[in-house]
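K.L.:
Handing you a structure now.
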Amino acid sequence: MDLILFGIQGSGKGTQGKILKDRYDTAYFETGAELRRLSKEDSKLGKKVKEIIEAGHLVPNEIVMEIVENFLKNVPKGKNVIFDGIPRKMEQAQSLDALLEKHGREYKAVILDLSEQVALNRLTLRRICSKCKTVYPADYENDMCERCRGELITRSDDNPESIKTRIKAYFDETMPVINMYLEQGKLLRINGEQSIEAVSKELFETLDPIYK
Ligand SMILES: [Zn+2]
Numbered sequence: 384m385d386l387i388l389f390g391i392q393g394s395g396k397g398t399q400g401k402i403l404k405d406r407y408d409t410a411y412f413e414t415g416a417e418l419r420r421l422s423k424e425d426s427k428l429g430k431k432v433k434e435i436i437e438a439g440h441l442v443p444n445e446i447v448m449e450i451v452e453n454f455l456k457n458v459p460k461g462k463n464v465i466f467d468g469i470p471r472k473m474e475q476a477q478s479l480d481a482l483l484e485k486h487g488r489e490y491k492a493v494i495l496d497l498s499e500q501v502a503l504n505r506l507t508l509r510r511i512c513s514k515c516k517t518v519y520p521a522d523y524e525n526d527m528c529e530r531c532r533g534e535l536i537t538r539s540d541d542n543p544e545s546i547k548t549r550i551k552a553y554f555d556e557t558m559p560v561i562n563m564y565l566e567q568g569k570l571l572r573i574n575g576e577q578s579i580e581a582v583s584k585e586l587f588e589t590l591d592p593i594y595k
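Here our numbering is used: the first residue of the sequence shown is 384, the next is one more, and so on.
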């Protein structure tokens, strides 16, 4: 059973995704990371991706699907996949669904539920280490990185305008996809407004019966 992980920025989706990957020994598909990896690869698809990225264009849906399919072909038989950051919109959800069906893969969707206001607060207040780029949540109280003692600063893309744009895109484009999975009985809901540890605990309680 594959997992499609949803959560608005600030929900801790990436953090929880890595924790789940380790706990259940899954493959992990993260669109951004896969694009970066492919762009350095000397293959037909790699070159195509590199061209699109260098031109500053958004990667078209059919190329994203080609990338997913390429990824799936390399997943060892019997290994589950966690999808992080895909699908973002309905068109992509429909293509992904068709692709997974073609490969005989079943999936559930998981959402780390977070209200718009909590997401806004977390994103506005989080900081990043100026040296090693570790991200610190809103409730971290020191001004110094605990790993490298670097100075903590606000991320340049965490200004209120760009945060609002990202949140709006999530509610306009991704929420309809999540609602579709809900109607199809594929959605597992997790309370994302808790601490990282509490969210993990709730995820384990929900997913252990499926994976263990
Ligand atoms: Zn640091």
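Each residue gets a CB set at the ideal place from its N, CA and C atoms; glycine is no exception. Nothing here was measured: the structure is a model prediction, and the numbers come from that model.
1) Candidates V451, E534 and L497: which alpha carbon is nearest K514's?
2) Is there contact between the segment 385 to 395 and the segment 568 to 588, where contact requires at least three CB pairs shorter than 8 Å?
3) Among residues of its own chain, excluding the 5 on either side of I402, which ones have a beta-carbon nearer than 7 Å to its beta-carbon?
4) Quick one: what's L535 bridged to in DSSP?
5) Please confirm whether V451 and L418 have their CB atoms less than 8 Å apart.
6) Taking a contact to mean a Cβ-Cβ separation below 8 Å, would you say R538 touches I511 in this structure?
7) Can you name, in chain order, every residue of its own chain whose Cβ lies under 6 Å from the Cβ of I435, other than the five neighbours on each side?
8) In the DSSP output, which residue or residues are listed as bridge partners for M333?
9) Would you tell me roughly how many angstroms separate the C-alpha atoms of K427 and R420, rounded to the nearest one?
10) Kindly list the residues whose CB is nearer than 7 Å to the CB of A521, restricted to its own chain and excluding five residues on each side of it in sequence; keep chain order.
11) Taking the beta carbon of P470 as the centre, do at least 16 other beta carbons fall within 10 Å, making it buried, or is it exposed?
12) Reducing DSSP to helix, strand and coil, say where V442 ends up.
13) Please confirm whether any heavy atom of ligand 1 lies closer than 7 Å to the CB of R530.
14) By Cβ distance, which residues of its chain are closer than 7 Å to F454, with the 5 residues on each side in sequence left out?
15) So what does DSSP say about K491, is it helix, strand or coil?
16) Do you know offhand how far K396's Cα is from V518's?
17) So R406 packs on F554, CB below 8 Å; how close in whole Å?
18) Starting from Y553, trace the alpha helix (DSSP H) both ways and give me its first and last residue.
19) Starting from D467, follow the beta strand (DSSP E) in both directions and report where the run begins and ends.
20) When every heavy atom of ligand 1 is checked, does at least one fall within less than 7 Å of the C-beta of T517?
21) Which residues in the same chain have their Cβ closer than 7 Å to the Cβ of L497, if we skip the five residues on either side of it in sequence?
P.N.:
This is what the structure gives:
1) The shortest Cα separation from K514 among V451, E534 and L497 belongs to E534.
2) Segment contact: the segment 385 to 395 against the segment 568 to 588, three or more CB-CB distances shorter than 8 Å; contact assigned.
3) Same-chain partners within the cutoff: S583.
4) DSSP lists C512 as partners of L535.
5) Cβ distance not < 8 Å, so V451 and L418 don't count as in contact.
6) Contact check for R538 against I511 passes: the beta carbons are separated by less than 8 Å.
7) Cβ within range, chain order: V442.
8) Not covered by the structure: residue 333. The range shown for the chain is 384 to 595.
9) Their backbone Cα atoms lie some 13 Å apart in a straight line.
10) Excluding positions up to five away in sequence, the list reads N504, R505, L508 and R509.
11) When all chains shown are included, P470 counts as buried.
12) Judged by DSSP in its simplified three-state form, V442 adopts coil rather than helix or strand.
13) True, at least one ligand heavy atom lies under 7 Å from that Cβ.
14) Hits under 7 Å: F412 and E417.
15) If DSSP states are grouped into helix, strand and coil, K491 belongs with the strands.
16) C-alpha separation (whole angstroms): 13 Å.
17) Approximately 30 Å separates the beta-carbon atoms of R406 and F554; this is outside 8 Å, ruling out the contact.
18) No alpha helix (DSSP H) holds Y553; DSSP gives it neither H nor E.
19) Unbroken beta strand (DSSP E) run through D467: V464 to D467.
20) Yes; taking the cut-off as 7 Å, the Cβ of T517 has a heavy atom of ligand 1 nearer than that.
21) Around L497: G390, I391, G393, S394, G575 and E576.
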